[in-house]
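Undergrad: Handing you this structure, nothing more for now.
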Amino acid sequence: MNVIDKAGSAAALDFDRFRLRRFVETLGPDELETRAGPTALADVAAALEANPRAVHFRAAGAEAHELVGNVNGSRARLARAFGVAPGGLAAEIQRRLRGKPEIVEVTEAPVQQEVLTGDDADLTALPVHLQHGFDGGPYISASIDYVIDPRSGWTNVGIRRLMLRGRRETGVDLVSPSDLKAIYEASAAAGRPLPVSFVVGAHPVDHMAAMMRLPVDELGLVALLRDQALPVVKCVTNDIRVPADAELVLEGYFDARGHVEPEGPYGEFLGYYGALKRNPVFHLTAITRRRDAVCHTSPSWGKHPIIWRGRRIRQ
Ligand SMILES: Cc1cc2nc3c(=O)[nH]c(=O)nc-3n(C[C@H](O)[C@H](O)[C@H](O)COP(=O)(O)O)c2cc1C
Numbered sequence: 171m172n173v174i175d176k177a178g179s180a181a182a183l184d185f186d187r188f189r190l191r192r193f194v195e196t197l198g199p200d201e202l203e204t205r206a207g208p209t210a211l212a213d214v215a216a217a218l219e220a221n222p223r224a225v226h227f228r229a230a231g232a233e234a235h236e237l238v239g240n241v242n243g244s245r246a247r248l249a250r251a252f253g254v255a256p257g258g259l260a261a262e263i264q265r266r267l268r269g270k271p272e273i274v275e276v277t278e279a280p281v282q283q284e285v286l287t288g289d290d291a292d293l294t295a296l297p298v299h300l301q302h303g304f305d306g307g308p309y310i311s312a313s314i315d316y317v318i319d320p321r322s323g324w325t326n327v328g329i330r331r332l333m334l335r336g337r338r339e340t341g342v343d344l345v346s347p348s349d350l351k352a353i354y355e356a357s358a359a360a361g362r363p364l365p366v367s368f369v370v371g372a373h374p375v376d377h378m379a380a381m382m383r384l385p386v387d388e389l390g391l392v393a394l395l396r397d398q399a400l401p402v403v404k405c406v407t408n409d410i411r412v413p414a415d416a417e418l419v420l421e422g423y424f425d426a427r428g429h430v431e432p433e434g435p436y437g438e439f440l441g442y443y444g445a446l447k448r449n450p451v452f453h454l455t456a457i458t459r460r461r462d463a464v465c466h467t468s469p470s471w472g473k474h475p476i477i478w479r480g481r482r483i484r485q
């Protein structure tokens, strides 16, 4: 990994090319609905449900945050993120995966323009909304997790939803087999908390990389799919490196108590509710963000029927 100091960083790297905000700005009215006026958090899910377009809320919730949803909700938009026609998406991803990843560490990053710690780091001040009517609480649903596997030193990257439990605490769904589950369980078995950072507000290409489960340092996977050098920055309260051009980062750790707290139910993407589960707890130590950060949300339901306790509650 190259390291570029303060003076060299800004000139050498483009921190806008893979900004979520920049991607959203490339979408025309056929792909993007813009809600200029205030939107109550209670109305966000209804505006996104079954909507084929991405939606940009210019003033969501009491704090009038910028929020976008449904960004990754169409193959056409994903293909656009890779700069190809929808039919060429798979081939383009395969081409990029054959490259050589380049990662550049910077010491001054847009995503750390604002750093909130202590009482100022407050999840309830973010535009976190109830995603589906019977969810166990409001969820952050477009969160990309970055964790260092202590055994290999590699960074693992995935997507995990977070259920608000308070200002600085969330649940996380870590039941299905995944690399993060294995890394967490090894830490918990040794009685050690696991540091983790979540990016909320990432380019669709980063989401595609996060969904891949490969035995490599997955920071390199993000760089490969970008087809460009990936600028990373060390988090303020842990040693994890995250994309320096992200919109917002939640830093913290999973405590070592294991799968002990209730999490869910949650409206899964196939149109049914995932049951209440026992899951680990995430503790927030800092929020870092761009001054004009745009948050991201991905509630699951499109046009599917909705099933609750075996009963169809929407056709
Ligand atoms: C929108 C979205 C949300 C997801 N949420 C979760 C989740 O909450 N828990 C989970 O175990 N997997 C979730 N996944 C799947 C994992 O992110 C995926 O399996 C990933 O490859 C796991 O990475 P890992 O094995 O490197 O940890 C989600 C995927 C997507 C696309």
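In this text, residue positions in the sequence shown follow this note's numbering: the first is 171, and each later residue adds one.
Glycine included, every Cβ here is placed at the ideal spot set by N, Cα and C.
1) Expressed to the nearest angstrom, what Euclidean distance is found between the alpha-carbon atoms of M162 and G328?
2) Kindly identify the DSSP beta-bridge partner or partners of P413.
3) Below 8 Å, can you find three or more Cβ-Cβ pairs linking the stretch 301-319 to the stretch 431-441?
4) Using the beta-carbon count (16 or more within 10 Å), is S393 buried or exposed?
5) Between V254 and R247, what straight-line distance do the alpha-carbon atoms span, to the nearest angstrom?
6) Quickly, what does DSSP pair L237 with across the bridge? List them, please.
7) Which residues bound the beta strand (DSSP E) around Y354?
8) How far does the beta strand (DSSP E) with G520 in it reach, from first residue to last?
9) Taking C-alpha atoms, which residue in D387, R338, Y443 and V369 lies nearest to R481?
10) Should Q282 be labelled buried (16 or more other beta-carbon atoms within 10 Å of its own) or exposed?
11) I'd like the ranges of any beta strand (DSSP E) spanning at least 3 consecutive residues and lying wholly in the stretch 255-304.
12) Within a Cβ cutoff of 8 Å, which residues of the same chain sit near V406, ignoring the five residues on either side of it in sequence?
TA: In short:
1) Residue 162 is absent from the model: the chain starts at 171 and stops at 485.
2) In the DSSP output, where bridge partners are listed per residue, P413 has V402.
3) Touching, yes.
4) What sits at residue 393 in the sequence shown is Ala, not Ser. Label assigned to A393: buried.
5) The straight-line gap from Cα to Cα measures roughly 10 Å.
6) Looking at the DSSP output, L237 shares a beta bridge with F227 and C465.
7) From DSSP, Y354 is part of no beta strand (DSSP E) but of the alpha helix (DSSP H) over D349 to A359.
8) Because residue 520 is not part of the residues shown, which for the chain are 171 to 485, the question remains open.
9) Out of D387, R338, Y443 and V369, Y443 has the C-alpha closest to the C-alpha of R481.
10) Classification of Q282: buried, given that the 10 Å Cβ count is 16 or more.
11) Segments of the beta strand (DSSP E) lying fully in the stretch 255-304: 273-276 and 284-287.
12) Cβ neighbours of V406 beyond the five flanking positions: Q282, V285, T287, E421, A456 and T458.
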